[in-house]
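Okay, structure first, notes after.
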Amino acid sequence: MISQYLYASMLCLPMLASSGCSQPANIEDKTQQNAASAEASPANAVSSRDSTSSVAEVPSANDDRAEAGAHASGKPDIHLDALTPADITKARLSGELACSFSRDGSTLLLARGNVGSSGPLQGVVKVASSVERVDASGGYNAIIKGGQFTGRDLMITIEVAGKPEGTGESPPLPAALTLVRSGSGRWTSGGDWTCGP
Numbered sequence: 001m002i003s004q005y006l007y008a009s010m011l012c013l014p015m016l017a018s019s020g021c022s023q024p025a026n027i028e029d030k031t032q033q034n035a036a037s038a039e040a041s042p043a044n045a046v047s048s049r050d051s052t053s054s055v056a057e058v059p060s061a062n063d064d065r066a067e068a069g070a071h072a073s074g075k076p077d078i079h080l081d082a083l084t085p086a087d088i089t090k091a092r093l094s095g096e097l098a099c100s101f102s103r104d105g106s107t108l109l110l111a112r113g114n115v116g117s118s119g120p121l122q123g124v125v126k127v128a129s130s131v132e133r134v135d136a137s138g139g140y141n142a143i144i145k146g147g148q149f150t151g152r153d154l155m156i157t158i159e160v161a162g163k164p165e166g167t168g169e170s171p172p173l174p175a176a177l178t179l180v181r182s183g184s185g186r187w188t189s190g191g192d193w194t195c196g197p
């Protein structure tokens with residue numbers, strides 16, 4: 001009985017030895033597979049994070065630059081507002097005759113002077129809600145058919161564009177007004193140029 005048991009045990013030893021030898025190979029294979037998987041996984045994770053980050057950040061940065069560029073290159077608006085009776089009274093313009101540029105019934109420029117005088121003609125305008133004085137050289141007779149006015153860092157040109165509209169002593173003339181201010185650009189408007197008492 002004992003001899004049979006020993007015989008069976010001796011038969012099992014080679015089998016255990018062979019199976020024991022095969023286990024390290026299996027473990028090594030699995031270890032290599034896990035290592036390869038571990039090497040591939042972090043790279044993929046990093047690549048995924050990088051691509052997501054770049055897509056999310058670039059548009060917002062571009063938008064900020066575009067907005068800043070628009071603000072940096074923009075220039076302040078420039079235009080003439082209509083003069084009120086109070087604006088004209090406060091200007092205290094002197095002279096027996098006047099010339100005015102009007103649009104849609106609103107006076108944008110008013111200048112006064114005397115017949116036969118060659119001295120500077122005084123006028124007033126309202127540039128973007130600010131009332132300012134302007135002058136024209138040559139006197140009243142020099143601006144009946146249009147002229148040029150200058151003020152603090154601005155220049156206004158009146159160009160008559162056609163024949164008188166209507167009849168009477170001082171019929172209005174179709175004209176164009178161009179306002180140029182240093183650093184603020186140019187503004188042009190069509191209207192009527194009227195000179196007389």
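Numbering (the UniProt record's numbering), first residue to last: 1 to 197. We treat Cβ as the ideally placed atom computed from N, Cα and C, and that holds for glycine. Given the structure is predicted, the values throughout are model-derived calculations rather than measurements.
CB-CB under 6 Å to Leu173, same chain, minus the five flanking residues each way: which ones, in chain order? Val160, Pro164 and Trp193
(Q) Quick test of your reading: Ser100 and Leu93, contact by CB under 8 Å. State the CB separation rounded to the nearest angstrom. (A) At roughly 11 Å, the Cβ-Cβ gap does not stay under 8 Å, so Ser100 and Leu93 are not in contact.
Notebook entry, point to check: Does the separation of the CB atoms of Leu121 and Gly146 fall below 8 Å?
Noted result: Against a cut-off of 8 Å, the Cβ pair of Gly146 and Leu121 comes out as no contact.
Which one of Gly151, Val115, Val131 and Pro171 has the shortest CA to CA distance from Ile88?
Val131
ask   = Helix or strand or just coil, what does DSSP make of Ala111?
value = strand
Worksheet item: Any idea if Gly166 is buried or exposed, counting beta-carbon neighbours within 10 angstroms, 16 or more meaning buried?
Response: The residue in question, Gly166, is exposed, as its Cβ has fewer than 16 Cβ neighbours within 10 Å.
ask   = Taking DSSP as the reference, what is the three-state secondary structure of Ile78?
value = coil
Exercise for the section: Jot down the residue ranges of each uninterrupted beta strand (DSSP E) in the region 94 to 164, minimum 3 residues, whole runs only, in chain order. Expected result: 97 to 103, 106 to 113, 121 to 127, 130 to 136, 146 to 151 and 154 to 160
Taking 7 Å as the limit between beta carbons, can you name the residues of its chain near Glu169, skipping five residues before and five after?
Gly196
ask   = According to DSSP, is Thr188 helix, strand or coil?
value = Three-state DSSP puts Thr188 in a strand.
Top-ranked residue by Cα proximity to Phe149, from Arg103, Gly116, Ala128 and Arg112: The residue with the shortest Cα to Cα distance from Phe149 is Arg112.
- Task: Assign Val115 to one of two classes, buried (16 or more other C-beta atoms within 10 Å of its C-beta) or exposed (fewer than that).
- Result: exposed
Which listed residue (Ala91, Gly105 and Ala136) has its alpha carbon closest to that of Lys126: Considering only alpha carbons, the answer is Ala91.
When Pro171, Thr157 and Gly162 are compared against Leu80, the one with the closest alpha-carbon: For the options Pro171, Thr157 and Gly162, the alpha carbon positioned closest to that of Leu80 is the one of Thr157.
Alpha-carbon spacing of Val134 relative to Gly95, whole angstroms: 15 Å
| task | Would you please state the rounded distance, in angstroms, between the beta carbons of Ala142 and Ala136? I believe it to be under 8 Å. | result | 7 Å
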